[in-house]
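First the structure, in the form of structure tokens, and then the observations on it.
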């Protein structure tokens with residue numbers, strides 16, 4: 149079972165399982181049933197069992213899943229057991245919010261630097277290098293990173309992502325309101341807030 | 149065909165079609181083929197045709213879809229042809245970024261107020277009412293809104309959302325790193341950045 153390719157839909161749910169299992173482990177809960185997971189995450193119990201069967205997380209009837217084992221397996225599958233480094237391109241409100249968010253360190257992701265055309269408004273940031281965008285290539289040559297977080301205007305998003313990719317960055321986390329795509333050799337996640345807002349409005353139509 | 153229920157997966161894609169069609173209309177493009185949409189959005193052409201058939205957007209062979217008609221239909225289906233009002237709960241970096249983001253107005257969403265325990269750091273905001281959280285109920289009674297945008301700490305997210313719901317808010321847009329769920333009578337969209345980051349790391353594993 150372990151070598152079966154994992155579908156996109158399962159991947160979408162894996163971080164939810166991980167987050168919940170981490171909570172359970174933090175609270176010293178040793179075992180959990182698919183029913184309990186189902187109730188907490190609003191995923192059907194049969195879907196939970198099917199999803200977790202993909203990576204050897206077989207629950208035992210009446211005993212449930214071993215939370216520590218399952219958490220470690222999902223962590224490994226997601227790749228967040230390893231350290232990843234990141235830079236932020238664009239030091240506006242979103243960029244600054246991401247820099248100050250403590251939760252990423254829990255997933256072993258460390259933001260090393262922030263780039264902007266103007267940098268004076270970022271001088272209060274102490275834990276990251278504050279750099280002018282003109283020095284992006286120079287910086288990445290000396291300090292290779294895994295992830296570029298794009299939080300610039302829509303019109304500059306693709307160009308800035310491409311400059312990072314040209315310097316060896318393999319992962320683009322995009323917050324600009326445009327879907328970026330660079331073929332199969334670059335991992336991309338687009339956080340499109342406008343789209344989420346539209347879905348919210350759609351869901352509320354008949355309430 | 150128009151009354152067939154639209155599946156969750158189609159709903160996920162509708163905002164992408166809308167955004168692309170809006171771009172085409174802004175550029176005075178009158179017709180578009182499923183192939184062109186497919187290339188732009190990285191969705192297969194047959195999927196595009198199937199999705200658009202749900203709401204009467206039949207393309208004609210060799211002519212394609214009428215962009216203005218299709219945009220208007222999707223806008224109507226999503227419900228973004230109507231004005232929606234919103235408040236922001238939590239005036240941190242994310243909350244402020246959302247307030248200053250111009251794109252929401254394009255979807256007819258208007259942020260009316262921001263609430264925080266402390267408000268002095270928000271006094272520079274001119275287009276919204278800046279209010280202490282203690283006056284949330286009083287405000288909502290006088291100024292009913294459609295959407296509450298939750299950008300507080302994880303530990304306060306559910307409580308603040310419930311206070312809004314108790315005052316008649318039907319839609320919760322949640323940016324706190326926890327999935328909120330309030331049953332079928334409240335629309336919820338969770339923007340979970342940590343989950344997106346985990347998916348990004350997963351995608352980059354074999355690159």
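Residue numbers (the numbering used here), protein chains in the order written: chain X, 149 to 355; chain F, 149 to 355.
Here a beta-carbon is modelled for each residue, glycine too, at the ideal position from N, C-alpha and C.
Exercise. Alpha carbon to alpha carbon, how far is residue 174(F) from residue 248(F)?
Worked result: Within the second chain, numbered from 1, the residue matching residue 174(F) stands at position 26. Within the second chain, numbered from 1, the residue matching residue 248(F) stands at position 100. Rounded to the nearest whole angstrom, the C-alpha separation of residue 174(F) and residue 248(F) is 23 Å.
Exercise. Can you find a CB in chain F that lies within less than 7 Å of the CB of residue 313(X)?
Worked result: Here the question's residue 313(X) lines up with position 165 in the first chain. No, because no Cβ of chain F sits closer than 7 Å to the Cβ of residue 313(X).
For this session: Helix, strand or coil for residue 250(F), going by three-state DSSP, please let me know.
Result: Working through the second chain from its first residue, we reach residue 250(F) at position 102. Of the three classes helix, strand and coil, the one that applies to residue 250(F) here is coil, per DSSP.
Problem set entry | Nonlocal neighbours in the same chain, by C-beta distance under 8 Å from residue 342(F), ignoring five residues either side | What you label residue 342(F) is simply residue 194 of the second chain in a count that begins at 1. Once the five neighbours on either side are set aside, the close Cβ partners of residue 342(F) are 325.
Exercise. Which residues of chain F have a Cβ atom closer than 9 Å to the Cβ of residue 292(X), listed in chain order?
Worked result: Counting from 1 along the first chain, the entry for residue 292(X) is found at position 144. None at all; the shortest Cβ gap to chain F is about 14 Å.
For this session: Could you tell me the boundaries of the beta strand (DSSP E) in which residue 337(F) lies?
Result: Walking along the second chain from the start, residue 337(F) turns up at place 189. Start and end: 335-338.
Exercise. Listing by chain order, which chain F residues have their CB less than 8 Å from the CB of residue 337(X)?
Worked result: Locating residue 337(X) in the first chain gives position 189, counting from the first residue. In chain order: 344, 345, 347, 348, 351.
Exercise. Across which residues does DSSP place residue 232(X) in a beta bridge pair?
Worked result: Residue numbering aside, residue 232(X) sits at position 84 when the first chain is read from its first letter. According to DSSP, residue 232(X) bridges with 257(X).
Problem set entry | Member of 297(X), 162(X), 279(X), 355(X) whose CA lies at the smallest distance from the CA of residue 330(F) | Translated into positions along the second chain, residue 330(F) becomes position 182. It is 355(X).
Exercise. Which residues share a DSSP beta bridge with residue 263(X)?
Worked result: Counting from 1 along the first chain, the entry for residue 263(X) is found at position 115. Bridge partners of residue 263(X): 237(X), 279(X).
Exercise. Roughly how far, in whole angstroms, is the beta-carbon of residue 300(X) from the beta-carbon of residue 237(X), given that I think they are within contact range, below 8 Å?
Worked result: The residue given as residue 300(X) occupies position 152 in the first chain. The residue given as residue 237(X) occupies position 89 in the first chain. Their Cβ separation, rounded to whole angstroms, is 6 Å, which keeps residue 300(X) and residue 237(X) in contact under 8 Å.
Exercise. What are the boundary residues of the beta strand (DSSP E) that includes residue 291(F)?
Worked result: Within the second chain, the letter at position 143 stands for residue 291(F). Element bounds for residue 291(F): n/a, residue is neither H nor E.
Exercise. Does any CB atom of chain A fall closer than 7 Å to the CB of residue 329(F)?
Worked result: Looking at the structure shown, chain A is missing, and the protein chains on hand are X and F.
For this session: May I ask you to report which of helix, strand or coil DSSP gives residue 319(X)?
Result: For the purposes of this step, residue 319(X) is identified with residue 171 of the first chain, where counting begins at 1. In the three-state DSSP reduction, residue 319(X) falls in the strand class (E or B).
For this session: Given a cut-off of 7 Å, decide if residue 168(X) and residue 188(X) are closer than it, judged by their beta-carbon atoms.
Result: On the first chain, position 40 is the one that residue 188(X) refers to. On the first chain, position 20 is the one that residue 168(X) refers to. Against a cut-off of 7 Å, the Cβ pair of residue 168(X) and residue 188(X) comes out as a contact.
Problem set entry | chain F within 7 Å of residue 325(X), Cβ atoms only | Looking up residue 325(X) in the first chain gives position 177. Proximity of residue 325(X) to chain F, defined by a Cβ-Cβ separation below 7 Å, is satisfied.
Problem set entry | Near-chain F residues of the region 213-239 of chain X - C-beta to any C-beta below 8 Å | Those would be 225, 226, 227, 228, 232, in chain order.
Exercise. Chain F partners of residue 190(X), CB-CB under 9 Å?
Worked result: Counted from its first residue, the first chain places residue 190(X) at position 42. Per Cβ cutoff of 9 Å: 327, 329.
Problem set entry | Endpoints, the alpha helix (DSSP H) within which residue 325(F) is located | Here residue 325(F) refers to the residue found at position 177 when the second chain is read from its first residue. Run containing residue 325(F): none; DSSP gives neither H nor E here.
Exercise. Roughly how many angstroms separate the alpha carbons of residue 103(F) and residue 315(X), rounded to a whole number?
Worked result: As displayed, chain F neither begins before 149 nor continues past 355, which places residue 103(F) out of reach and without an answer.
Exercise. Is the CB-CB distance between residue 297(X) and residue 321(X) below 7 Å?
Worked result: Against the first chain, residue 297(X) aligns to sequence position 149. Against the first chain, residue 321(X) aligns to sequence position 173. In this structure, residue 297(X) lies near residue 321(X), with their beta-carbon atoms less than 7 Å apart.
Problem set entry | Within chain X, partners of residue 166(F) - CB distance below 8 Å | Locating residue 166(F) in the second chain gives position 18, counting from the first residue. Under the 8 Å cutoff, chain X gives 346.
Problem set entry | Classification of residue 160(X) by the beta-carbon crowding that lies within 10 angstroms, buried from 16 upward | One-based indexing of the first chain puts residue 160(X) at position 12. Around the beta carbon of residue 160(X), a 10 Å sphere encloses fewer than 16 other beta carbons of the protein chains shown; the residue is thus reported as exposed.
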